[in-house]
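Quick notes on the structure that follows.
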Amino acid sequence: MTETASTRDAARDLFATLTGHEPIGTWSAPGRVNLIGEHTDYNDGFVFPFATPHRTHVALGTRTDGRIRVVSTFDPVPVEVPLTDLDALFPSEGAPRVPEWSAYPLGVAWALLHAAGLSADAVTGVDLAFASDVPVGAGLSSSAAIEGAAATALADTWGVSADRVTLAQVGRRAENEAVGAPTGIMDQMASMLGQTDAAIFLDCRTLEAQVVDLGFAAAGLELLVIDTHVKHAHATGGYGERRASCEKGAEIMDVPSLRDVSVADLDRAQELMDDVTFRRVRHVVTENQRVLDTVEALRAEGPRAIGALLDASHVSMRDDFEISVPELDTAVEAAVAAGAVGARMTGGGFGGSAIALVAHDRVAAVSDAVTRAFADAGFAAPHLFTVTPSAGAGRDA
Ligand code: ADP
Ligand code: MG
35 MTETASTRDA
45 ARDLFATLTG
55 HEPIGTWSAP
65 GRVNLIGEHT
75 DYNDGFVFPF
85 ATPHRTHVAL
95 GTRTDGRIRV
105 VSTFDPVPVE
115 VPLTDLDALF
125 PSEGAPRVPE
135 WSAYPLGVAW
145 ALLHAAGLSA
155 DAVTGVDLAF
165 ASDVPVGAGL
175 SSSAAIEGAA
185 ATALADTWGV
195 SADRVTLAQV
205 GRRAENEAVG
215 APTGIMDQMA
225 SMLGQTDAAI
235 FLDCRTLEAQ
245 VVDLGFAAAG
255 LELLVIDTHV
265 KHAHATGGYG
275 ERRASCEKGA
285 EIMDVPSLRD
295 VSVADLDRAQ
305 ELMDDVTFRR
315 VRHVVTENQR
325 VLDTVEALRA
335 EGPRAIGALL
345 DASHVSMRDD
355 FEISVPELDT
365 AVEAAVAAGA
375 VGARMTGGGF
385 GGSAIALVAH
395 DRVAAVSDAV
405 TRAFADAGFA
415 APHLFTVTPS
425 AGAGRDA
């Protein structure tokens with residue numbers, strides 16, 4: 035049995051324990067890894083994530099009393115509210131009145147009703163039981179996975195014929211307004227639109243998305259994730275500061291966002307702004323170009339041609355955007371020295387994971403080299419695993 039099938043069974047079992055009967059079905063949604071395009075989303079730029087084989091499953095059943103009950107293997111104490119109370123719960127001011135994890139699925143229910151223009155007493159009550167193999171806080175977006183599972187399950191059950199971009203927006207609204215986490219839409223789009231051995235080329239300004247074949251399998255390549263386990267306390271503050279620098283840079287360049295600045299404009303930008311702001315701008319502008327170049331290189335030459343772009347992305351985040359940490363640099367340097375095609379930190383920075391594109395027969399050697407480099411540097415052992423780009427959210431067979 036695959037890991038995912040057993041996670042689905044765990045959701046079914048949890049549902050049966052909760053309700054004493056079988057669910058009407060199970061749905062699931064993946065996490066995501068961003069291949070390239072970091073801190074470009076809030077600058078109206080380009081990102082290029084793919085969906086992970088790790089998924090969050092939900093078993094759903096209906097009930098006749100107009101209530102919604104959610105439970106998760108993370109916290110087996112169920113949370114139950116009348117659907118008509120959701121509007122009073124969200125958006126939450128101050129401390130949420132439900133346990134934080136439950137604000138994700140309850141927030142999805144709330145946002146979906148609004149997106150569909152449905153009143154809470156026009157839809158059936160539901161029980162939802164979640165189980166997941168998406169690691170939390172490792173940069174794989176377990177939050178988008180639980181949102182995507184809830185959104186697809188509830189949309190099908192309530193007869194909402196929303197398209198996938200709308201369901202992604204429902205997930206983002208839940209995360210922004212019900213949970214209170216200020217995130218972009220990349221994670222939800224990747225979880226909704228992912229396809230096997232492909233990544234999603236997303237224009238964050240128009241939300242136009244193209245599925246681009248990665249061809250990793252045919253080229254004998256694997257994507258290795260190196261979770262450093264590092265979580266830096268200043269991650270939130272650093273994120274806010276970077277956003278502010280980007281806004282300042284766009285203002286100086288007199289454009290709506292850094293999306294509108296091209297590599298050819300950088301000389302002028304350097305004359306107009308202070309060094310720190312300029313380097314933040316240069317990261318975003320060159321990173322947008324690297325996403326475009328990555329898509330082009332994949333189409334023209336295949337996945338082995340993107341290694342140098344991954345490496346350059348890391349250098350830009352390390353030196354210009356200054357969001358890397360020694361553990362991430364060590365992971366990237368050791369992976370490349372041991373023969374990775376390319377490597378970079380992924381996610382918001384200040385900790386989290388690095389990724390390395392590695393030939394199948396080098397995975398063991400690269401993994402050993404990274405583990406040894408961490409030990410030599412006195413860092414805690416990283417967690418290494420491979421991910422194959424996988425299918426997006428939907429009803430399980
Ligand atoms: P990540 O990078 O993994 O998305 P986040 O902080 O954005 O990290 O989201 C993690 C949070 O999402 C968890 O702390 C929990 O509140 C919620 N969550 C994710 N998956 C589940 C799940 N299967 N069951 C319950 N809560 C979950
Ligand atoms: Mg998240």
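Okay, so the sequence shown: first residue is 35 according to my numbering, each after it adds one. The beta-carbon is built from N, C-alpha and C at its ideal position, and this holds for glycine as well. Since we're looking at a predicted model, the values are computed, not measured.
Q) Can you list every residue whose CB sits closer than 5 Å to some heavy atom of the ligand MG, going in chain order? A) Per the CB criterion, closer than 5 Å to any heavy atom of the ligand MG, the qualifying residues run in chain order as Ser175 and Ser177.
Q: Consult DSSP for valine 111 and reduce its assignment to one of helix, strand or coil.
A: When secondary structure is reduced to three states using DSSP, valine 111 falls in the strand class.
Q | Segment contact flag, the stretch 277 to 289 with the stretch 320 to 329, C-beta cutoff 8 Å, min 3 pairs | A | With the cut-off at 8 Å, the stretch 277 to 289 and the stretch 320 to 329 do not touch.
Q.
Given this structure, state the Cα-to-Cα distance separating alanine 187 from histidine 317, to the nearest angstrom.
A. About 39 Å.
Q) Taking 8 Å as the CB-CB cut-off, is glutamine 229 touching chain D? A) Any reference to chain D falls outside this structure, which holds one protein chain only.
Q: Assuming glutamate 10 contacts threonine 262 (C-beta within less than 8 Å), just tell me the rounded distance between them.
A: Outside the displayed span of the chain (35 to 431) sits residue 10, for which this structure offers no information.
(Q) Excluding the 5 residues flanking threonine 200 on each side, which residues of the same chain have their C-beta closer than 8 Å to its C-beta? (A) Ala149
Q) Going by the CB atoms, is the gap between threonine 86 and serine 424 shorter than 8 Å? A) yes
(Q) Output needed for valine 397: all residues of its chain with C-beta closer than 8 Å, excluding positions within five of it in sequence on either side, in chain order. (A) Glu256, Leu258 and Thr420
Q: Under 6 Å Cβ to Cβ from alanine 427, same chain only, skipping five residues before and after it: list those, please.
A: Ala63, Gly182, Thr186, Ser225 and Met226
Q) Can you give the Cα-Cα distance for threonine 107 and alanine 165, rounded to whole angstroms? A) 5 Å
(Q) So threonine 60 and arginine 89 are supposed to be a Cβ contact under 8 Å. How far apart are they, rounded? (A) Rounded, the Cβ-Cβ distance is 10 Å, inconsistent with contact.
Q. To which residues of the same chain is histidine 91 closer than 6 Å at the C-beta, ignoring the five residues directly before and after it?
A. Thr41, Arg42, Ala45, Thr60, Ser62 and Ala165
Q: My understanding is that aspartate 78 touches serine 291, with C-beta atoms under 8 Å, so please give their C-beta distance in whole angstroms.
A: 4 Å
Q: Rank Ala377, Thr240, Asp288 and Asn68 by C-alpha distance to the C-alpha of leucine 306 and give the top, closest one.
A: Asp288
(Q) Do leucine 117 and isoleucine 58 count as a contact pair if the criterion is CB distance below 8 Å? (A) no
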